[in-house]
């Protein structure tokens with residue numbers, strides 16, 4: 097089976113640091129996630145757990161299908177959060193949830209439309225009343241910088257969409273969806289779409 101370089105935990109972490117993704121994570125947490133201490137947080141496709149340092153002390157569960165990512169996250173954040181190697185659509189570990197916040201950092205652009213709808217419905221089911229599902233993905237838009245377009249075009253995720261398309265999919269599960277088109281800047285030109293979906 098062919099492996100992409102960024103499927104390796106160390107390579108993924110290096111690339112994220114190189115492009116300055118920490119600034120985007122910080123902005124996402126401060127402006128959109130805004131977690132209260134002690135909140136129950138589920139991180140879909142958590143990667144190597146890089147959202148965790150930007151969160152206050154929360155009850156955190158990260159899930160990802162990549163065993164190298166999960167092993168790296170478990171070692172790096174031992175005692176701070178829990179991690180499970182599984183699909184985001186699989187049943188959650190016993191006793192997990194309901195959650196106050198679910199994070200989907202860079203996941204929707206990896207999923208075809210039907211899987212996005214299934215994920216949004218799954219998120220809605222495991223959220224507590226008043227809970228929020230917050231996503232961030234690269235997107236296409238009119239007048240986009242050529243490099244931003246190229247990065248989306250050749251991303252590992254094959255389903256990069258416009259912001260309007262992401263929002264439309266989320267509305268299949270959530271009656272309240274707010275879309276934002278900014279989440280801080282990377283060291284390279286890029287465009288982001290943030291969705292805040294409320295149960």
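Numbering (the working numbering), first residue to last: 97 to 295.
Note that beta-carbon positions come from the ideal geometry of N, C-alpha and C, so glycine has one too.
Model, not experiment: these values are computed from the prediction.
Could you pull the start and end residues of the alpha helix (DSSP H) that residue 245 belongs to?
-> Position 149 of the chain shown holds residue 245. That run of the alpha helix (DSSP H) goes 242–249.
Candidates 121, 128, 167 and 232: closest to residue 148 by CA position | By 1-based counting over the chain shown, the position of residue 148 is 52. Selected option, being the one with the closest Cα: 121.
Identify the continuous alpha helix (DSSP H) that holds residue 231 and give its terminal residues.
-> By 1-based counting over the chain shown, the position of residue 231 is 135. Here residue 231 belongs to no alpha helix (DSSP H); instead the beta strand (DSSP E) covers 223–236.
Rank 165, 160, 224 and 193 by C-alpha distance to the C-alpha of residue 200 and give the top, closest one.
-> Position 104 of the chain shown, counted from the first residue, corresponds to residue 200. Measuring from the Cα of residue 200, the nearest candidate turns out to be 160.
Three-state class that DSSP yields for residue 156 in the structure shown = Numbered from its first residue, the chain shown carries residue 156 at position 60. Correct three-state label for residue 156: strand.
Applying the criterion that 16 or more other CB atoms from any shown protein chain within 10 Å of the CB defines a buried residue, is residue 241 buried or exposed?
-> Along the chain shown, read from residue 1 onward, the residue named residue 241 stands at position 145. Exposed.
Test: residue 184 CB closer than 7 Å to a CB of chain C | Note that chain C does not occur in the displayed structure, where there is just one protein chain.
Just how far apart, CA to CA, sit residue 272 and residue 293?
-> Locating residue 272 in the chain shown gives position 176, where the first residue counts as 1. Locating residue 293 in the chain shown gives position 197, where the first residue counts as 1. About 6 Å.
Where residue 186 sits in the DSSP three-state scheme = Position 90 of the chain shown holds residue 186. In this structure, residue 186 counts as coil in the three-state DSSP scheme.
Supposed close pair residue 208, residue 140 - CB separation, criterion 8 Å = Stepping through the chain shown from its first residue, residue 208 is reached at position 112. Stepping through the chain shown from its first residue, residue 140 is reached at position 44. Actually they do not touch by this definition, with Cβ atoms about 16 Å apart.
Terminal residues of the beta strand (DSSP E) in which residue 264 lies = The residue labelled residue 264 in the question sits at position 168 within the chain shown. Unbroken run through residue 264 is the alpha helix (DSSP H), 259–266; no beta strand (DSSP E).
Please name the residue in 257, 190 and 231 whose C-alpha comes closest to that of residue 274.
-> For the purposes of this step, residue 274 is taken as the residue at position 178 of the chain shown. Checking every option, the nearest Cα to that of residue 274 belongs to 231.
Just the Cα atoms here: how many angstroms apart are residue 286 and residue 133?
-> As a first step, residue 286 is located in the chain shown; it is residue number 190 there, counting from the start. As a first step, residue 133 is located in the chain shown; it is residue number 37 there, counting from the start. For residue 286 and residue 133, the distance between alpha carbons rounds to 31 Å.
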